[in-house]
Amino acid sequence: MRHVLAADIGGTHMRAAVVREDSAILARVSAPTLPGEGFDAATEHLSLLFQQVAARALAPDLLAIGISTAGPVDPTDGTYRHPPNLEGWDGRSMIPMLTDHLGMPVRVGHDATLAALAETRWGHRSGAKHLLYVTVSTGIGAGIIVDGRPVTGASGGAGEVGHMIVAPGGASCGAGCPGCLEGNASGRAIALAARVAIEGGAHTILMTDADAAAVFAAAEAGDSVADAIVEGAMGHLAAGIAGLLAIFDPEVIILGGGVAEGFVTRWDALIAAIQERALPRYASGVPVERTTLGDEVGLLGAALWALGEE
Ligand SMILES: [Zn+2]
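When we follow this note's numbering, the leftmost residue of the sequence shown carries the number 36, and every step to the right adds one.
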């Protein structure tokens, strides 16, 4: 069976693995990304991680390298375009150095796009030709598969669904678009709403440094302020998902990411909120489900990218 090297690069951590063509992960290693140390240092470090996993997996015939990364990134040549969480990497591509060091072809793709690809091949809805993967985490983005092919846009920037306006005049994301989905339903938005409530004198068990997970936990514990924040975020998320259903008519929208996990205990309410906002064609139900690939989705998508399976 064929084997490839796969990597998943986020703002805080990067992971490298050897993946077999049947989706088995044979060896893996993780390290801090440290984008502030510079692009060349990070690329050198990733090259070393690849060498480590390759030695550990004892896999014969490594074919290629696939990299799933936080973006925006141009999938044609791997060039970063002002990535908000990988500061200083703008205009750079890892492909030349990795090709030189490791002597095999390298393909780079956007993490949400490759997650969507992984869902169409190895997720519980494998075989789907029209699928969206929406990651709801610190930020919000989507990978789009239409007719079995990833949609990446003219410059690799497609799928930034976090910046759809769902709450005109509402809170803004880090990119500065008031009322966008990311500004009102992301992990960052939930944490910010908690801080605003506390500073406004709200009676709550939350602390000012509460993150989204703490807000979900407080809501579960019966804290009414936390509950209102979670319900507000849920309404905005539902509006965004209903819009995506209308635009893409997908077979399924898969939700992943830490904040999507936070909604597990009120999943039925989230689905009802989406349905309430969706077109009449969804009167009998909305095709929205949770990922079953968990944390592996990035590495698996990168492996498929390396295998040329798009
Ligand atoms: Zn925005």
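Positions of the beta carbon are idealized from the N, C-alpha and C atoms, including for glycine.
The alpha helix (DSSP H) that contains residue i, what's its start and end?
| i | result |
| --- | --- |
| Thr155 | 146-157 |
| Arg127 | First-last for Arg127: undefined, no H or E at that position. |
| Asp303 | 302-312 |
| Asp284 | Per DSSP, Asp284 belongs to no alpha helix (DSSP H) and is neither H nor E. |
| Ala337 | 332-342 |
In its own chain, which residues sit with a C-beta less than 6 Å from the C-beta of residue i, not counting the 5 before and 5 after it?
| i | result |
| --- | --- |
| Gly292 | Thr170, Val171, Ser172 |
| Glu217 | Gly174, Ile175, Gly197, Cys208 |
On the criterion of 16 or more Cβ atoms from any shown chain inside 10 Å, does residue i qualify as buried, or is it exposed?
| i | result |
| --- | --- |
| Glu195 | buried |
| Ala307 | exposed |
| His17 | There is no way to answer for residue 17, as the model of the chain reaches only from 36 to 345. |
| Ile225 | buried |
| Glu331 | buried |
| Thr187 | buried |
| Gly101 | buried |
| Ser103 | buried |
Taking 7 Å as the limit between beta carbons, can you name the residues of its chain near residue i, skipping five residues before and five after?
| i | result |
| --- | --- |
| Pro130 | A small correction: the amino acid at residue 130 is Ile; Pro does not occupy that position in the sequence shown. Excluding sequence neighbours, Ile130 sits near Asp112, Gly113, Val141, Val143. |
| Ala318 | none |
| Asp109 | Arg116, Ser190, Gly191 |
| Met199 | Cys215, Leu216, Gly275, Gly278 |
| Asp77 | The question names Asp, but residue 77 in the sequence shown is Ala. Closer than 7 Å at Cβ, skipping near neighbours: Thr68, Leu69, Pro70. |
What residue does the beta strand (DSSP E) around residue i start on, and which one ends it?
| i | result |
| --- | --- |
| Gly291 | 287-291 |
| Val250 | That residue, Val250, is in no beta strand (DSSP E); its alpha helix (DSSP H) goes 247-255. |
| Thr78 | First-last for Thr78: 74-92, but that is the alpha helix (DSSP H), not the beta strand (DSSP E). |
| Gly192 | Note, Gly192: premise wrong, no beta strand (DSSP E); not H, not E. |
| Ala51 | 48-55 |
| Thr114 | Taken as a continuous stretch (DSSP letters only), Thr114 belongs to no beta strand (DSSP E), as it is neither H nor E. |
| Gly101 | 97-104 |
Cβ of residue i versus every heavy atom of ligand 1: is any distance shorter than 6 Å?
| i | result |
| --- | --- |
| Ala210 | yes |
| His198 | yes |
| Glu217 | yes |
I'd like the list of long-range same chain contacts for residue i, defined as Cβ closer than 8 Å, with 5 residues on each side in sequence excluded.
| i | result |
| --- | --- |
| Asp125 | Tyr115, Arg116, His117, Pro118 |
Flag residue i as yes if its beta-carbon sits less than 7 Å from any beta-carbon of chain C, otherwise no.
| i | result |
| --- | --- |
| Leu40 | Any reference to chain C falls outside this structure, which holds one protein chain only. |
For the segment 195-229, list the alpha helix (DSSP H) runs that are entirely contained and at least 4 residues long, ordered along the chain. 216-220
If you scan the segment 153-190 from start to end, which runs of the beta strand (DSSP E) of 3 or more residues do you find wholly inside it? 166-171, 175-181
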